[in-house]
Ligand code: FUB
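In our numbering, the protein residues as written are 31 to 482.
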């Protein structure tokens, strides 16, 4: 998605350069499912296609992004498609990935070939896939079986909740690919005191609970976050002393988003480096809306009594990075705090790289720690055209020019070469802007960069 032109058309200048929400600008992303693993945050998202078909959710695959600082997100591309479930015909909706016994289990709702709802489970040896259908058949099938959330309790028992308009749960077996048939499928009684008062009463729906549950434990309380209300959805929560309820309605966490919201919302929660973060989605990117959503994040603090405050959706998003970025290792070019104009692509050999680069496009990387000083910039690039250059600037897009790397034709857009240029010695922590300059559109592909 070429964002520059669209920004001008829609007048969304406040998005450019200063904000952190939506956290991904290269794709429409929705239904965030964050997971903290080995000091890194992974956010698994569903993916609204650029072209919406039949005025409905047009969703074919799931994507993954990671960060160690909550402001720079590395794009890992699509990690699974509904086509990887041979029994599915589409609708790659909201899922969640969880780690157990050295493997990553990803629970996903899709449509079966016969049109019914189903939840599948995929497995991988790596956080970023590739994931494969773990059992070759749906894990669960039934009307309204969407939006699974999985939590492993302190005693090792895993639970999965899901559903719209009902809310069900099962106990997953230790193998994570089957469930306890004796315990069966439990259905919540959706009463106001448990899941909030629904103002707009409609058939089959009693309390405010709508869909998209997110289950976690904090201190001695279990929390269920969920979209509520009817549409447009707000976010609300319930708590319990037990993972299986009874649940007590808490309150609204986020009102219906008025400024470029979507008619859905979808919560995810993590604690990372001592801070609490709410993940959600809006329709905030240019061209965005109900079927073209974008993942956002807000940092927040629980109230002293464990209740969740009302959280404002903002364009700033996460203001403080959780740590600085080390520029002296290879940094993937698709590690981005904010960008304009570029796109990402995935190749079996090279992985994800930045592509579709034109004059004036840029990538911003936040909180880069140059320490005692950097004097050289290196980048791995491939160009089939007359090339262009990468201007290395700090603090803003027009900030001090540290140096410029000239990129000539390398013999093909997959003929990768490492090029280097000297830069003005730079110390301390800065936001880095890699600003692309050149005559032709699409002038090179960009895999990684480093300073030394
Ligand atoms: O993304 C498709 C559906 O919209 C999800 O499954 C729901 O949670 C809602 O966000």
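Backbone N, C-alpha and C fix where the C-beta goes; we use that ideal spot for every residue, glycine too.
Going by beta carbons, residue 366 and residue 463 fall outside the 9 angstroms limit. Within the same chain, and ignoring the five residues on either side of residue 121 in sequence, the residues whose Cβ sits closer than 8 angstroms to its Cβ are 87, 89, 112, 139, 140, 141. The segment 318-337 makes no contact with the segment 449-461, as fewer than three CB pairs between them are under 8 angstroms. Cβ-Cβ distances below 6 angstroms link residue 434 to 419, 421 in the same chain, with the five nearest sequence neighbours on each side left out; the list follows chain order. DSSP places residue 173 in the coil class of the three-state scheme, outside both helix and strand. Boundaries cannot be given for residue 425, as no alpha helix (DSSP H) includes it and DSSP labels it neither H nor E. Linking residue 54 to residue 234 through their CA atoms gives a straight-line distance of about 36 angstroms.
If you check the CB distance, residue 175 and residue 207 do not come in under 9 angstroms. The Cβ neighbour count for residue 445, taken over all protein chains shown within 10 Å, is under 16; the residue is labelled exposed. Take residue 385, set aside five residues on each side of it, and the residues of its chain with a beta-carbon closer than 6 angstroms to its own are 373, 375, 475, in chain order. For residue 222, the three-state secondary structure derived from DSSP is helix. Residue 263 counts as buried, since no fewer than 16 other beta carbons sit within 10 angstroms of its beta carbon. Here DSSP, grouped into helix, strand and coil, assigns residue 443 to coil. Taking the C-beta atoms as reference points, residue 355 is found nearer than 9 angstroms to residue 98. Distance from the C-beta of residue 87 to the nearest heavy atom of the ligand FUB is below 8 angstroms. One thing to note: residue 49 has its Cβ no nearer than 9 angstroms to the Cβ of residue 280. The Cβ neighbour count for residue 146, taken over all protein chains shown within 10 Å, is under 16; the residue is labelled exposed.
The three-state reading of DSSP puts residue 256 in strand, counting E and B together.
Minimum Cα-Cα distance from residue 370 among the listed residues 294, 159, 408, 466 corresponds to 466.
The segment 256-272 makes contact with the segment 209-228: 3 or more CB pairs, one atom from each, lie closer than 8 angstroms. With a cutoff of 8 angstroms, residue 242 counts as near the ligand FUB, since its C-beta is closer than that to a heavy atom of the ligand. In this chain, the beta strand (DSSP E) harbouring residue 301 covers 298-302.
In this structure, residue 295 has its CB closer than 8 angstroms to one or more heavy atoms of the ligand FUB. Under the three-state reduction of DSSP, residue 227 is assigned to coil, being neither helix nor strand. In the three-state scheme derived from DSSP, where H, G and I count as helix and E and B as strand, residue 399 is classed as strand. Exclusion of residue 90 from the 8 angstroms shell around the ligand FUB follows from its C-beta lying no nearer than that to any non-hydrogen atom of the ligand. Boundaries of the beta strand (DSSP E) harbouring residue 128: 126-130, taken from the DSSP string. Of the candidates 221, 324, 395, the residue whose Cα lies closest to the Cα of residue 80 is 324. Following the DSSP letters along the chain, one finds residue 191 inside the beta strand (DSSP E) bounded by residues 188-192.
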